[in-house]
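In the numbering used here, the protein residues as written are 4 to 284. Quick reminder that beta carbons are idealized off the backbone N, C-alpha and C, glycines included.
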């Protein structure tokens with residue numbers, strides 16, 4: 004063949020190959036995006052006492068859902084797999100430390116995969132996620148924060164969080180977290196995390212080990228620490244409830260949160276948040 008013919012033939016073959024790649028890429032991506040499935044948790048935060056029981060509800064939609072999972076994530080740690088449910092035969096199994104633990108059971112039914120925990124321990128305090136898997140896609144639900152309280156803990160501590168705020172888009176705000184403790188002089192690790200209807204609860208900022216913003220009142224055992232979360236150029240995506248959690252002396256002091264609304268209606272003021280105490284593992 005002449006060189007010009009060879010060149011034209013080569014270009015034609017490349018054009019065909021590119022067309023095929025584009026077609027199969029579009030076909031493959033179309034298959035994934037057309038798959039309909041979803042998983043949902045209807046409770047974002049629940050508080051219970053040691054020894055009580057609770058049920059974490061998980062609902063799913065879609066005929067293509069084959070497996071469902073429960074994960075537990077303790078603040079600052081990796082998620083740990085609790086259970087796997089095979090939808091086609093409705094058989095569930097537990098993993099690692101949750102295996103053969105009678106406190107953890109699954110309540111399985113049509114379009115639901117609930118996790119029941121009995122005889123609650125302080126160590127059950129965590130965020131629990133329901134998830135589903137389809138092919139290579141894993142979808143997580145919103146997550147439920149579980150706070151287990153022990154009324155026998157004789158620790159006097161409480162947290163103030165800044166009032167609920169309504170800020171116009173593009174504005175700025177500083178959220179406050181003031182921690183009052185008794186005899187605990189250890190360093191504090193401060194966590195801020197956000198929960199909203201549009202996103203999963205998630206850690207957004209960590210102050211790290213520090214007590215440089217703390218002062219002790221004279222002639223008392225009360226120590227006061229102040230932590231701030233400045234936020235600028237706010238948009239609708241910043242709306243939600245912001246929680247301050249302070250890890251100190253083997254416990255986590257957990258505030259009730261500050262609700263931030265961007266350019267919407269105002270919310271009731273909640274300047275003072277009662278503290279809940281969570282023992283660290």
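- DSSP places residue 140 within a strand segment (E or B) once states are collapsed to three.
- Each of 95, 100 and 128 was checked against the Cα of residue 110, and the nearest Cα belongs to 95.
- Taking the C-beta atoms as reference points, residue 245 is found nearer than 8 Å to residue 263.
- About 10 Å separates the beta carbons of residue 71 and residue 118, which is beyond the 8 Å limit, so they are not a contact pair.
- The three-state secondary structure of residue 43, taken from DSSP, is strand.
- Separation of residue 103 and residue 84 (C-alpha to C-alpha, rounded to the nearest whole angstrom) is 14 Å.
- Per DSSP, the beta-bridge partners of residue 170 are 265.
- One Cα belongs to residue 227, the other to residue 78, and the distance between them is close to 23 Å.
- In the three-state DSSP reduction, residue 66 falls in the coil class, being neither helix nor strand.
- Secondary-structure assignment with DSSP links residue 120 through a beta bridge to 57 and 107.
- DSSP, read as helix, strand or coil, puts residue 98 in coil.
- Here the alpha carbon of residue 172 sits roughly 29 Å from the alpha carbon of residue 43.
- Per DSSP, residue 237 lies in no beta strand (DSSP E) and is assigned neither H nor E.
- Taken through DSSP and simplified to helix, strand or coil, residue 148 comes out as strand.
- Under the three-state reduction of DSSP, residue 85 is assigned to strand.
- Counting only residues of its own chain and dropping the five nearest sequence neighbours on each side, residue 93 has a CB closer than 8 Å to the CB of 111.
- In the DSSP assignment, the residues bridged to residue 243 are 263.
- In this structure, residue 54 lies away from residue 127, with their beta-carbon atoms at least 8 Å apart.
- Closest in alpha carbon position to residue 265, among 167, 247 and 106, is 167.
- Rounded to whole angstroms, the separation of the alpha carbons of residue 50 and residue 129 is 11 Å.
- Counting the other CB atoms within 10 Å of its CB gives residue 229 a total below 16, which places it among the exposed residues.
- Residue 50: member of the beta strand (DSSP E) spanning 48-52, first to last residue.
- The secondary-structure analysis by DSSP pairs residue 77 with nothing; it has no beta-bridge partner.
- Shown here for residue 47: same chain residues with a beta carbon closer than 8 Å to its own, the five before and five after excluded, namely 145, 146, 147, 148, 198 and 204 in chain order.
- Taken through DSSP and simplified to helix, strand or coil, residue 128 comes out as coil.
- By the CB criterion at 8 Å, residue 115 and residue 180 fall outside the cutoff.
- Nearest to residue 250 by C-alpha distance, out of 56, 218, 243 and 183, is 183.
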